[in-house]
Amino acid sequence: MFQAFVIVCAASISFEVYSDRCFQADDTWGPYKTEENCEIRAIQMVKEITEGSLNESAFIALNFPEQIYAEGFCEKLEGTNI
């Protein structure tokens, strides 16, 4: 089983990422049986944060940076054999 999450960071207009101004957004839909399904969900989450309804919330959480950088990840859950 796999769990999706996204790391969201403040960035400059030239997309210099400020690693000291980040947060982790955890998925509430998973876990997923396959890594492929998890990766699909991670991509969906990134788009929702960077372009969708969570965009404004991310800007607020990061104190209104010039840009937002988000990258999705999948983590294999311990104790699962899939």
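First residue of the sequence shown? That's 7 in our numbering, and the numbers climb one at a time after it.
For every residue, glycine included, the Cβ atom is placed at its ideal position computed from N, Cα and C.
Note that the structure is a prediction, hence the values are computed from the model and not measured.
- In this structure, residue 73 keeps its C-beta atom at 8 angstroms or more from the C-beta atom of residue 29.
- Classified as exposed, residue 83 has fewer than 16 neighbouring CB atoms from the shown chains inside 10 Å of its CB.
- Scanning its chain for C-beta atoms nearer than 6 angstroms, with the 5 sequence neighbours on each side dropped, one finds around residue 38 the residues 8, 44, in chain order.
- Taking residue 17 as the centre and dropping the five residues before and after it, the same chain places the C-beta of 23, 24, 71, 72, 73, 74, 75 closer than 8 angstroms to its C-beta, in chain order.
- Separation of residue 12 and residue 78 (C-alpha to C-alpha, rounded to the nearest whole angstrom) is 4 angstroms.
- As DSSP reads the structure, residue 82 sits in a beta bridge with 8.
- Counting the other Cβ atoms within 10 Å of the Cβ of residue 26 gives fewer than 16, which makes it exposed.
- Going by C-alpha positions, residue 48 is about 24 angstroms away from residue 19.
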